[in-house]
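S.K.: Below is the structure I would like to discuss, written out as structure tokens.
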Amino acid sequence: MPQGQPSVVPDDGLTTRQRRNRPLVFVHTGIGKGKSTAAFGLALRAWNQGWPVGVFQFVKSAKWKVGEENALRVLGASGEGGSVDWHKMGEGWSWIQRDAKEGELSNEDKAREGWEQVKRDLAAEKYKLYVLDEFAYPMHWGWIDTDEVISVLRDRPGTQHVVITGRNAPQALVDFADLVTDMSKVKHPMDAGQKGQRGIEW
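At position 40 of the sequence shown the residue is numbered 40 (full-length UniProt numbering), and the sequence of numbers has no breaks.
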């Protein structure tokens, strides 16, 4: 298998192995299709390496059953690779225990509570890979402070990798991340009036 060679070797005092194993922040943004799909593909690689994986879906409805969710849950429970935990904002986040009398939280409040849990998990080094799906939106909408996100990610302990997906990723996050992919659209079936279909969109 070919291995990529870096175009520069920084004078940072690190060995090749130390530099290779640094924890990374990925951002998948842009208007094209494939941002979450690519992140879930990364989760498959992480599962294969035996890494614990945490998926946090920040926008999509809890009723939206993406194919990757079922596949990764089954793989995580198989005992052959890493564990996989999947959390959805639309379900009220699985860790929130709330009295029904308190009423329903707004989506903004749910997103903030989800981010608070991500922060706790990062501090505890719970996962090796975090997929923060559609997390660019709460930052873009001003629900979650981008500078705080960057600070938390910069100071996270251990070797935890984080991938953030969603359109309109804030420029400060793009500047901070180690790997940024902008999914551009050239053509899409929806442009010709075709709705999403089973096996392709979910």
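Heads up, the beta-carbon is just placed ideally off N, CA and C, and yes, glycines get one too.
#1: Considering Asp175, what are the terminal residues of the alpha helix (DSSP H) in which it resides?
#2: Going by DSSP, what residue range makes up the beta strand (DSSP E) through Trp86?
#3: Would you kindly report the start and end of the unbroken beta strand (DSSP E) that includes Leu122?
#4: With which residues is Ile164 paired in a DSSP beta bridge?
#5: Excluding sequence positions up to five away, which residues of its chain have a Cβ less than 8 Å from the Cβ of Arg154?
#6: Using only alpha-carbon positions, find the residue among Asp145, Arg120, Ala46 and Lys187 that is nearest to Gly34.
#7: What first and last residue would you give for the alpha helix (DSSP H) that runs through residue 204?
#8: Run through DSSP, which three-state label would Val186 get?
#9: Assign Phe40 to one of three DSSP states: helix, strand, or coil.
#10: Tell me the DSSP secondary structure of Gln57 in three-state form.
M.R.: With the given structure in hand:
#1: Secondary structure note for Asp175: its alpha helix (DSSP H) is the uninterrupted segment Gln171 to Phe176.
#2: First-last of the beta strand (DSSP E) with Trp86: Val84 to Lys88.
#3: Not the beta strand (DSSP E): Leu122 falls in the alpha helix (DSSP H), residues Asn107 to Ala124.
#4: Answer by DSSP bridge pairing, in chain order: Val27 and Leu132.
#5: Contacts found: Phe176.
#6: Ranking Asp145, Arg120, Ala46 and Lys187 by CA distance to the CA of Gly34 puts Lys187 first.
#7: No answer is possible for residue 204: it lies beyond the span of the chain, which begins at 1 and ends at 202.
#8: In the three-state reduction of the DSSP assignment, Val186 falls in the coil class.
#9: Three-state DSSP puts Phe40 in a helix.
#10: Under the three-state reduction of DSSP, Gln57 is assigned to strand.
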